[in-house]
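Accompanying notes for the structure given below.
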Amino acid sequence: MFKGLGQMGDMAKMMKAAQEMQQKMASLQEDMHNLMVTGESGAGLVKATCTAKGELKGLDIDPSIFNSDDKEVVEDLILAAIKDAQTKATKKAQEEMGKITEGMGLPKDMKLPF
160 MFKGLGQMGD
170 MAKMMKAAQE
180 MQQKMASLQE
190 DMHNLMVTGE
200 SGAGLVKATC
210 TAKGELKGLD
220 IDPSIFNSDD
230 KEVVEDLILA
240 AIKDAQTKAT
250 KKAQEEMGKI
260 TEGMGLPKDM
270 KLPF
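Mapping of the sequence shown onto the numbering used here: residues 160 to 273, in sequence order.
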């Protein structure tokens, strides 16, 4: 007689879970601006720090690489360090998203938002 009520209860649970996930995603988006990763090149001679969103925040360059003859090498090292930091930022963001989806019983590698 009240079969439909059971389905309504399931729908309410799904809606609540969706709202929780939306809140966690919004919180994570804000946290990504504070999570820092550091990429490096030249065995640590050049280091680039960026947020998990990929926003470059700083460069640390060892003074030993400043030689006018090696301008192109220095530029390449800087670019490589930035790319390494951005790659690490993407990986960190995916790890953090995975924690949210896993915590909700969804597959860790599920792509969000849909």
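Yeah, the Cβ is synthetic: ideal placement off N, Cα and C, and Gly gets one too.
Simplified DSSP assignment, three categories, for residue i
| i | result |
| --- | --- |
| K216 | strand |
| F273 | Its pLDDT being 46, under 50, F273 is placed unreliably in this model, and the coordinates cannot settle the point. |
| G262 | helix |
| A202 | coil |
| M173 | helix |
| M191 | coil |
Rounded distance between the beta-carbons of residue j and residue i, thought under 8 Å
| i | j | result |
| --- | --- | --- |
| M191 | T208 | In fact, because the Cβ distance is near 14 Å, the residues do not count as touching under 8 Å. |
| I259 | M180 | 7 Å |
| E199 | A171 | Not really, about 50 Å apart at Cβ, beyond 8 Å. |
| L236 | G264 | That pair is no contact at about 44 Å. |
For residue i: DSSP bridge partner residues
| i | result |
| --- | --- |
| T208 | T197 and G217 |
Close beta carbons around residue i, own chain, < 7 Å, minus the five adjacent residues each side
| i | result |
| --- | --- |
| D219 | K206 |
| D169 | none |
Neighbourhood of residue i by C-beta distance below 6 Å, restricted to the same chain and skipping five residues each side
| i | result |
| --- | --- |
| Q182 | none |
| D221 | L204 |
| L215 | C209 |
Proximal residues to residue i (C-beta, below 8 Å), its chain only, five neighbours per side dropped
| i | result |
| --- | --- |
| E255 | L187, D190, M191, L194 and A211 |
| A176 | M263 |
Three Cβ pairs or more, each shorter than 8 Å: is that satisfied between the stretch 222-230 and the stretch 241-252? no
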